[in-house]
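Take a look at the structure set out below.
Residue numbers (the numbering used here): 593 to 1093.
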């Protein structure tokens, strides 16, 4: 038994090592590329991914049984067209900045081989995104796909490999483990020739990435609250939340998991949710929904629930009066934490709501929710009060504060705001991450600084009065209380002893 396990471990290690060695050869080729060459290659890869956006979306839904085909298609378009257009003018090769005045020069070099870890929730779009931002910096990438999304993820990688080959580049710039397992991904992350890790997945996988001893860019879980303040445009706010919660069945980690609503508008907001096709779970059924959605041991969403429709989840919970076209299941609860399982991240069209007596109470509740599995990720607010927006931003331990925006798509950037577009969202030290911004191609280059010698500018503080005419020293006779004098004279005066105490 032990011998068999050792043989299996050796086989996994050998497979990973062979992939890394192939990636290493491709890296040597990409290092010789100019900016124009790498940009041309990236554009061809982006176009190939864009051309296959619907095919890959269908594959993802068929294989994983999660999400919405049309929404996954949008994410594939975002990961290819949007991402490429956002970085096409970035300088990532050779000299990227020269400042003659400061005598400084910046030179970009690739970080090397990237280990890419992808999730089951956004498999194809994340594969495309990580490939493009890696290639832009002349890096190569080796993927460890989620086992439940191996087929669709490898299909996405193969599309891009073919595009690279057709462009005359090294197809092995994009590789993946063909027999996915936790052991194989772990071996990849610990391989000595892997330079950095791009990790998107569950908490255990991200923790493993940061524990590998390699530089890692990982993301934490999102348990984002959104506050609907009494001055908000109610119809827009509710529509934004419903749009966000139903997009790909709520699987984007920036999506709202809870809504905190001011008591003055609570009834009106509730009526608007119902008008838009949402279902308020009866108080007696909240426990059944909680049992169906949340794993009691891990205190996180159950695997089979993530990415399912509201109706499918209702059936799992035994809720018989939920319509097939129900958009979001809404549960009214009064607390946060383990005793209130639905207060955590749900990755599905299930929303918990809270009533707030004041904005101070709403802020406190939002803070509690972020501390329960969402630190550093995303928080939203719907209001017309700019002063309140600023206060909310100052108080929330979240790296993305979204104002009057659907959080799921808004958190990705570039659609509802001017944040950098990305499918890897840093959560800062709040969430145990090394970065607090949306990951881009600029995070995957080493920047060398060339600093030329220059004289450091010196200064001297002059006294209020300076006497410089002939015989000006005589003025000292009329200056009472002077204890120190600084005299500037020529060497001759010193040699001829014309200066005496």
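Idealized CB from N, CA, C, for every residue including glycine. Bear in mind the structure is a predicted one, so any value in this text is a computation, not a measurement.
Measuring C-alpha to C-alpha distances from residue 640 to each of 616, 651 and 669 identifies 669 as the nearest. Within 10 angstroms of the beta-carbon of residue 1002 lie 16 or more other beta-carbons, which makes it buried.
Beyond the five residues adjoining it in sequence on each side, residue 676 comes within less than 7 angstroms, by CB distance, of 634, 635, 638 and 724 in the same chain, given in chain order.
With contact defined as three or more Cβ pairs closer than 8 angstroms, the stretch 823–839 and the stretch 960–976 are in contact.
The Cβ atoms of residue 921 and residue 898 do not sit closer than 9 angstroms to each other.
In this structure, residue 768 places its C-beta atom within 9 angstroms of the C-beta atom of residue 736. Taking the Cα of residue 874 as reference, the smallest distance to any Cα among 673, 933 and 906 is reached at 906.
If you draw a 10 Å sphere on the C-beta of residue 896, you find fewer than 16 other C-beta atoms in it, and that means exposed. With respect to the C-alpha of residue 945, the residue from 862, 1031, 663 and 800 having the closest C-alpha is 862. Assigned with DSSP and collapsed to three states, residue 691 falls in strand.
The beta carbon of residue 871 is closer than 6 angstroms to those of 914, 918 and 921 in its chain, skipping five residues each way along the sequence. With a threshold of 16 other beta carbon atoms within 10 Å, residue 1081 falls short and is exposed. Following the DSSP letters along the chain, one finds residue 1040 in no alpha helix (DSSP H) but inside the beta strand (DSSP E) bounded by residues 1037–1043. Under the DSSP assignment, residue 945 falls in the beta strand (DSSP E) whose first and last residues are 942–948.
Each residue's CA atom was taken as its position, placing residue 602 and residue 780 some 13 angstroms apart.
In this chain, residue 850 is not harboured by any alpha helix (DSSP H); it is covered by the beta strand (DSSP E) spanning 848–854. In the three-state reduction of the DSSP assignment, residue 997 falls in the coil class. Residue 707 sits close to residue 733, with the two beta carbons spaced by under 9 angstroms. Contact check between the stretch 935–950 and the stretch 836–855: three or more CB pairs, one atom from each, fall below 8 angstroms, which counts as touching.
For the 9 angstroms CB-CB criterion, residue 665 and residue 646 form a contact. For the stretch 637–725, the continuous beta strand (DSSP E) assignments of 3+ residues that do not extend past its boundaries occur at 686–691, 696–702 and 705–709, in sequence order.
Annotation for residue 823: no beta strand (DSSP E) segment contains it, and DSSP assigns it neither H nor E. A residue is called buried once 16 or more other Cβ atoms fall within 10 Å of its Cβ, and residue 859, having fewer, is exposed. Under the three-state reduction of DSSP, residue 1066 is assigned to helix. The criterion of a C-beta distance shorter than 9 angstroms is satisfied by residue 998 and residue 832. Cβ atoms of residue 935 and residue 964 come within 8 angstroms of each other, at about 6 angstroms. Only residues of its own chain outside the window of five on either side were considered, and among them 804 have a CB closer than 7 angstroms to the CB of residue 782, listed in chain order. In the three-state DSSP reduction, residue 992 falls in the strand class (E or B).
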